Amino acid sequence: MSKSMLFSLPNAEGGNFNIAEHLPAVVYFYPKDNTPGCTTEAREFSALLPQFTQLGYHVIGISRDTEKSHHNFICKYGLNITLLSDCEETVCHQFNVLKEKNMYGKKVFGIERSTFILNQDGNIIHEWRKVKAAGHAQTVLDTLQQHA
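Quick note: the sequence shown, position 66, residue 66 per full-length UniProt numbering, numbers continuous.
The following block contains the structure:
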């Protein structure tokens, strides 16, 4: 049995978002707002949100960006998913998604694109790591539909 992965983080409106009030959920971690892969992933999750909602799941994206960055990202692309700000990386560490990456020849720590399905108790029941952005939202939805 996995441990409960409950957390609270600020949302794009500056309010506090407590995951315990929004379970079950699809929680996905992504590197940065307004970058090509992250934009693709956010737009695909947004487009499929009605199907996730029909299955009873909330969709939450988390990155190290600020609330203001998330707000602008949501407005720019008309996103309808919840984006949370983990500037202090506490939830990133909780889910172990910070990994060493090689960027332009330099080693940096960044978020490894990852997705987790949390059940009603906040336990991880499925996870994907090293995700390719394009088509991933559909893969997650297909997995939930197979187990519905």
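We put the beta carbon where it would ideally sit given N, CA and C, even for glycine.
If you're wondering where the values come from, they're calculated on a predicted model, not measured in any experiment.
Looking only at its chain, what residues have a beta carbon closer than 7 Å to the beta carbon of residue i, apart from the 5 residues adjacent to it on each side?
i: N80; result: S46 and L49
i: T40; result: A133 and A134
i: L141; result: L48, Q51 and F52
i: E100; result: K107 and F109
i: R129; result: E112 and S114
Drop a sphere of 10 angstroms on the beta-carbon of residue i, count the other beta-carbons inside from all chains shown, and report buried for 16 or more, exposed for fewer.
i: T139; result: exposed
i: Y104; result: exposed
i: F109; result: exposed
i: G135; result: exposed
i: G78; result: exposed
i: H93; result: exposed
i: V75; result: According to the sequence provided, residue 75 is Cys. The question's Val does not apply to it. C75 should be labelled exposed.
i: E44; result: buried
Going along the chain, which residues of its own chain have a beta-carbon closer than 6 Å to the beta-carbon of residue i, five neighbours each way excluded?
i: A20; result: L6
Rounded to whole angstroms, what is the Cα-Cα separation between residue i and residue j?
i: E67; j: N11; result: 6 Å
i: F95; j: E89; result: 10 Å
i: Q145; j: E127; result: 15 Å
i: R113; j: S85; result: 15 Å
i: Y57; j: T35; result: 26 Å
i: I62; j: V27; result: 7 Å
i: N72; j: N18; result: 22 Å
i: V97; j: S69; result: 20 Å
i: A137; j: P31; result: 16 Å
i: Q120; j: N102; result: 37 Å
Could you name the residues that DSSP lists as bridge partners for residue i?
i: N18; result: S8
i: S69; result: None; S69 has no bridge partner.
Determine, using beta carbons only, whether residue i and residue j come nearer to each other than 9 Å.
i: residue 203; j: A25; result: Because residue 203 is not part of the residues shown, which for the chain are 1 to 148, the question remains open.
i: I111; j: F29; result: yes
i: T115; j: H22; result: no
Whose C-beta lies closer than 8 Å to the C-beta of residue i among residues of the same chain, with five residues either side of it excluded?
i: M1; result: At M1, the pLDDT of 42 sits below 50, so the modelled position is not reliable and the matter cannot be decided from this model.
i: A148; result: L55
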